[in-house]
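Before any comments, here is the structure.
There are 2 protein chains.
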Amino acid sequence: MAVFRWPDNPIIKPQSVNPTRKDFEVIGVFNAGVTRFDGDVLLLLRVAERPVSKHPDMELTAVYDSAKQQILIKEFSKNDPEIDFSDPRMTITPWGKFLTSLSHLRIARSKDGVNFKIDDSPALFPANEYESFGLEDPRITLIDGTYYVNYVAISPLGVTTYLASTKDFETFERHGVIACPDNKDVILFPEKIGGKYYSLQRPVTALFEKYEIWIAESPDLKYWGNHRYVMGSVPHAWDNSRVGGSAVPFRIDAGWLEVYHGVDEDNRYCLGAVLLDVEKPWKILARTGEPILEPKTDYEIEGFFGNVVFTCGLLYEEDKLKVYYGVADTSIAYAEIPLEDVLKKLKPTAAVEGN
Amino acid sequence: MAVFRWPDNPIIKPQSVNPTRKDFEVIGVFNAGVTRFDGDVLLLLRVAERPVSKHPDMELTAVYDSAKQQILIKEFSKNDPEIDFSDPRMTITPWGKFLTSLSHLRIARSKDGVNFKIDDSPALFPANEYESFGLEDPRITLIDGTYYVNYVAISPLGVTTYLASTKDFETFERHGVIACPDNKDVILFPEKIGGKYYSLQRPVTALFEKYEIWIAESPDLKYWGNHRYVMGSVPHAWDNSRVGGSAVPFRIDAGWLEVYHGVDEDNRYCLGAVLLDVEKPWKILARTGEPILEPKTDYEIEGFFGNVVFTCGLLYEEDKLKVYYGVADTSIAYAEIPLEDVLKKLKPTAAVEGN
């Protein structure tokens, strides 16, 4: 696989981004939505920040209080034996789970695709009870002249998917929760297929403990139904623990190409690809039996949450996949993968699942 | 609370129902959808059956194989130390979880509301990959002359909600999965409110481990969106562990009255009631601080899964709630509760949650 990683990776780091307040620090900028706008490459960054702690024994996190419409600071003593700090992403207390950072979405623009100018203030910031723990992992899909932005809205109520839209990336309209908890990695297809809109979804079955890819259809992008199962993890493979859609799918001659993410039992995140039928996108035509991108470099292996490559979007241009991807839940990197190399890795599903 | 339990309860028992095959036995008939049809009381029974085991050390269960379109028998040795048989509802093996019975839906009719004639064959039987572990807990909602039946479709893919409809209770049309996993206790409102259909839903947030009541809206009953949180468990109360919608809501002067179920940390299931705003059914006006029906009699306390009263439907007639309810996941009982007594138990939400 001829993956070309940009030599100056990561292209965007936490220190490139201003926090929203002087008493906050940005600890991660990763998992960005991607599109072209006015000729520029436009990224919608997930920016994770937290209050700066002045006491090494005290962990602070910020949450949005929708009733009071303000940010509250939560304090946790690292010496409290009842609190579990083992997962860097989450603080588990007897009175509930809290995230260790609060994410919002921020715009960055680039002429050349690798040098970005980052906005000083958020494009979308927590604003309602579904977003009190933040906005994460946005996807941008251009449909009929409107840019639809869907993102994970997370709160103690659950992990939901929220829909917003914009025509200019200056004002955004929110359209409510389109997928109830827990459901993330929702990916809108860029056009109607057979008269319906489609989205990949990643609901969770708590009873059977599976994190797999489903598809839903919609007349209008706001209301979704006819949910169907698409694909799951492959035992003993690189994606044996969880799978979810990642980038917005794009059309090639053979079908819809979807770059998805797979996770193994050690929480190692890689990217793979799946080819879906042009007219029946719930049907898998082929799937890569191995990753098309996996954590290999220092910046992919080490960081806030290491061994992670994760994308929310790519540009398919010049017969290449131009992949913007989060690394180690810390920074954003850029890589190019020739389409031809992805196609070579695609195998019939039966061959992959029979591995 | 003047609950009148029918003296000859339970009114329908497993031995009242023929299995679908001579080598099967019915182990439960419970959680029935309820409506009036042609003047009769019509119940859509959940009938749980399993293959009769000829060996005391061998447990058998049936699953529907959608690829082969036939029932398969699974065998588990009770002497296998790797298999967990502790939950009577589920067999947990290293290669996955299986239900101990396969449920289908069966029609029963009555002139007097307590003596029922039960069909010999199923109305709805597993027929696709989402139903391979059975059809459970149907609700019937009459909307504009059509009876909509939604039920839990369960399979290794997850716990989903499927929609079907009928005009005559002879032929049913299936409309696909309307709520992806895990989401059950979906309850359709019987009319449009402000131009939209509404349904209560009970999604699961795996991350925060909550089982709470949400509401969604729809233009057409098939596609659902604008998901909103409605209500959760109350700490230290009878419903402190899980809550979910139960009966189809009905209009009273003050709003929509919804009989819901609550579960405590000992898996004791009771029924409560919540009053929702007439025009904004996502708003709670009042809620019962204590159950309106709780397991008290022998047949409610003892059975396949004891200490359970659970309803999928009731008739609101003669100023009474005529409640058909599953008892101990075994049989169906009947009780009447005067509306007046339910109304007396309703309190402002703040008073309930401050208990």
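Chains as they are written, first to last, in the numbering used here: chain A, 909 to 1263; chain B, 909 to 1263. Ideal placement from N, C-alpha and C gives every residue a C-beta, glycine not left out.
| Asked | Found |
| --- | --- |
| Entirely within the region 916–969 of chain B and at least 3 residues each: give me those beta strand (DSSP E) ranges in chain order. | 932–945, 948–959 |
| With distances taken Cα to Cα, identify the nearest neighbour of phenylalanine 1077 of chain B among B:Asn1036, B:Gly941, B:Asp965. | B:Gly941 |
| Assuming isoleucine 1015 of chain B contacts alanine 1031 of chain B (C-beta within less than 8 Å), just tell me the rounded distance between them. | 5 Å |
| Counting only Cβ pairs nearer than 8 Å, list the residues of chain B close to lysine 1005 of chain A. | Leu1115, Phe1116 |
| Consider the Cβ of aspartate 1045 of chain B: report whether some Cβ of chain A lies at a distance smaller than 8 Å. | no |
| Using only CA atoms, which one of B:Ile1051, B:Ile1026, B:Asn1023, B:Ala970 lies nearest to lysine 1005 of chain B? | B:Ala970 |
| Comparing the C-beta of alanine 1124 of chain B with each C-beta of chain A, is any distance below 8 Å? | yes |
| Is there a Cβ from chain B that is less than 8 Å from the Cβ of valine 1135 of chain A? | Correcting the residue type first, residue 1135 of chain A is histidine in the shown sequence and not valine. Output row for histidine 1135 of chain A: interface = yes. |
| Can you say whether glycine 1203 of chain A is buried or exposed, counting buried as having 16 or more other CB atoms within 10 angstroms of its CB? | In the sequence as presented, glycine is not what sits at residue 1203 of chain A; that position holds proline. By the neighbour-count rule (16 or more Cβ atoms within 10 Å), proline 1203 of chain A is buried. |
| Secondary structure at threonine 1257 of chain B, three-state DSSP: helix, strand or coil? | helix |
| Out of A:Arg1017, A:Asn987, A:Tyr972, A:Ser961, which one is the CA nearest neighbour of isoleucine 919 of chain A? | A:Arg1017 |
| Secondary structure at valine 1217 of chain B, three-state DSSP: helix, strand or coil? | strand |
| Relative to the C-alpha of cysteine 1178 of chain A, which candidate in A:Asp1161, A:Leu1222, A:Glu1198 has its C-alpha closest? | A:Glu1198 |
| I need the straight-line Cα distance from asparagine 1263 of chain A to glutamate 1166 of chain A, nearest angstrom please. | Annotation note: pLDDT 43 at asparagine 1263 of chain A (below 50); position unreliable, coordinate value reported separately. Each residue's Cα considered, the two are about 21 Å apart. |
| Opposite serine 1126 of chain B in the DSSP bridges: which residues? | B:Tyr1105 |
| Which of the three DSSP states, helix, strand or coil, is assigned to lysine 986 of chain A? | coil |
| In whole angstroms, what is the alpha-carbon distance linking proline 959 of chain A and isoleucine 991 of chain A? | 19 Å |
| Please go through the region 1217–1241 of chain A and give each complete beta strand (DSSP E) segment of 3 or more residues, from N-terminal end onward. | 1217–1225, 1228–1235 |
| I need the boundaries of the alpha helix (DSSP H) containing isoleucine 1209 of chain B, first residue and last residue. | 1206–1209 |
| Is any beta-carbon of chain B found at less than 8 Å from that of aspartate 1093 of chain A? | no |
| Just tell me which of B:Pro1089, B:Ile935, B:Phe945 has its CA closest to the CA of leucine 968 of chain B. | B:Ile935 |
| Between asparagine 1263 of chain B and chain A, is the shortest Cβ-Cβ distance under 8 Å, so that the two count as touching? | Any reading at asparagine 1263 of chain B must be qualified, since the residue scores a pLDDT of 43, below 50, and its modelled position is unreliable; the value itself is stated next. No, no contact with chain A. |
| Answer yes or no: does any C-beta atom of chain D fall closer than 8 Å to that of tryptophan 1146 of chain A? | Absent from the structure is chain D; the protein chains it does hold are A and B. |
| Would you mind sorting phenylalanine 912 of chain A into buried or exposed? The rule is 16 or more other CB atoms within 10 Å of its CB. | exposed |
| Does any residue of chain A bring its CB to less than 8 Å from the CB of isoleucine 876 of chain B? | Nothing about residue 876 of chain B can be reported from this structure: the residues present for chain B run from 909 to 1263 only. |
| Please work out which residues of its chain come closer than 8 Å, Cβ to Cβ, to valine 1022 of chain B, disregarding the five sequence neighbours upstream and downstream, and give them in chain order. | Trp914, Asp916, Ile919, Tyr1242 |
| Give me whichever residues DSSP pairs with alanine 1181 of chain A in a beta bridge. | A:Val1167 |
| Whole-angstrom Cβ separation of glutamate 1099 of chain A and asparagine 939 of chain A, contact assumed at under 8 Å? | The pair is not a contact, with the Cβ atoms about 24 Å apart (cut-off 8 Å). |
| Quick one: what's got a C-beta closer than 7 Å to valine 1186 of chain A's C-beta in the same chain, skipping five residues either side? | Gly1163, Trp1164 |
| If contacts are defined as beta-carbon pairs under 8 Å, then glutamate 910 of chain B and aspartate 1249 of chain B qualify, I think. What distance do you get, rounded to the angstrom? | Strictly speaking, residue 910 of chain B in this sequence is alanine, with glutamate absent from that position. Going by Cβ atoms, the distance from alanine 910 of chain B to aspartate 1249 of chain B rounds to 5 Å, so yes, they are a contact pair. |
| What are the residues in the region 1098–1110 of chain A lying within 9 Å of chain B by C-beta distance? | Gln1109 |
| Listed in chain order, which residues of the region 938–963 of chain A have Cβ atoms closer than 8 Å to some Cβ of chain B? | none |
| Quick one: residues in its chain with C-beta nearer than 8 Å to the C-beta of lysine 1191 of chain A, no 5 flanking neighbours on either side, listed in chain order? | Leu1184, Asp1185 |
| Which residues, in order along the region 971–983 of chain A, keep a beta-carbon less than 7 Å from a beta-carbon of chain B? | none |
| Could you tell me the alpha carbon to alpha carbon distance between aspartate 1206 of chain A and alanine 1236 of chain A, rounded to whole angstroms? | 10 Å |
| Count the other CB atoms within 10 Å of the CB of methionine 1139 of chain A; is the residue buried (16 or more) or exposed (fewer)? | buried |
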